[in-house]
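Protein chains in written order, with our numbering: chain A, -4 to 145; chain B, -4 to 145.
Ideal Cβ positions, reconstructed from N, Cα and C, are used throughout, including at glycine.
Computed from a predicted structure; not experimentally measured.
As structure tokens, the structure follows; a few thoughts come after it.
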DNA sequence: CTTGAAAAGAACTGCCT
DNA sequence: AGGCAGTTCTTTTCAAG
């Protein structure tokens, strides 16, 4: 397990907010940019940083509807989990697949152009998935991502 | 609304997987790096790209437990929504706050070091939030993020 | 583990097609 | 809008404290 140095925590927090920040800005006078650079590299090698990605604005791109689906499977053998996951992977509108333990078996983040587009996805793609039992839905109104603990 | 050029779709898809990719790699022989560069800048100005962030490996950092909470409020006036959101914002373990319409009123992504740490957060932090009614939980087993439609 | 400098690479700009 | 070339900034590497 990685126990990040206090300086590393500052770096990780900064990169979480904006990954384009140069090492020089992250240093902010406290340290040399090369030192920060080395710390970032160490963190990446140690696996603390999983990936660097762009977050798209789906609404600006014409996908104004985001819905979270909670799925309960009707049949839960190992094969049915594999089948379900394989079939879900073929649906382009599904942005995230989470295998969970609790009220649901799977949670899906689904994006669509509008509600009627979402209905199409739900009827043709989701409800026809192998092994699907009950499906609950929540429509996203607003979302705030926060740094979380480090 | 932004209607991205086919080339832009390729670029956005690439940047979603790995935002460190240089324009040269994204071009991949098809185009000049400067052309890609300009397209990326246009996309950023148009608001297609919301932000660039690092995704941390919480497990590697000692936060092995991720739980999704579905929260139903007991009282749902405008004031209680504001109160709830303000109070939630003060909990460092809460990584995401989603205001939703459907089965729940709010969905929270909560990270903790282990299950007993999570119990502490749940009892001391979540259940004491103003206006909280019923709380459902799902423990994350595995997660797959996919590109989604563009 | 930090510094400072030098080398390599990527991003941005103007001009041309 | 794509290509080319020059400038600037960032990352990377390395010797040294």
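Query                                                                                                                                                                                         : Result
Could you check the C-alpha separation between residue 59(B) and residue 135(B) for me, to the nearest Å?                                                                                     : 10 Å
In the DSSP assignment, what are the bridge partners of residue 135(A)?                                                                                                                       : 95(B)
With a 10 Å radius around its C-beta and 16 neighbouring C-beta atoms as the bar for buried, classify residue 74(A) as buried or exposed.                                                     : exposed
Measuring only between beta-carbons, confirm whether residue 128(A) sits less than 8 Å from chain B.                                                                                          : no
Given 8 Å as the limit, is there contact between the segment 101 to 114 of chain B and the segment 7 to 14 of chain B, that is, 3 or more CB pairs closer than that?                          : no
Could you name each continuous beta strand (DSSP E) segment of 3 residues or more that falls completely within the segment 28 to 59 of chain B, going from the start of the chain to the end? : 44 to 51
Could you tell me which residues DSSP pairs with residue 116(A) in its beta bridges?                                                                                                          : Per DSSP, none; premise fails for residue 116(A).
Any idea which residues DSSP pairs residue 107(A) with across the strands?                                                                                                                    : 60(A)
Counting pairs of beta carbons, one from the segment 84 to 94 of chain B and one from the segment 127 to 141 of chain B, are three or more of them closer than 8 Å?                           : no
Give me the residue from 123(A), 57(A), 63(A) and 145(A) with the minimum Cα distance to residue -3(B).                                                                                       : 57(A)
What does residue 15(A) touch in chain B if you count any residue whose Cβ is under 8 Å from its own?                                                                                         : 47
Closer than 9 Å by beta-carbon distance: list the chain A residues that pair up with residue 21(B), in chain order.                                                                           : Correct list: empty, because the minimum Cβ distance to chain A is about 12 Å.
What span of residues does the alpha helix (DSSP H) with residue 9(B) cover, start to end?                                                                                                    : 1 to 12
Going by DSSP, what residue range makes up the alpha helix (DSSP H) through residue 76(B)?                                                                                                    : 73 to 83
Establish whether the CB of residue 94(A) and some CB of chain B are separated by less than 8 Å.                                                                                              : yes
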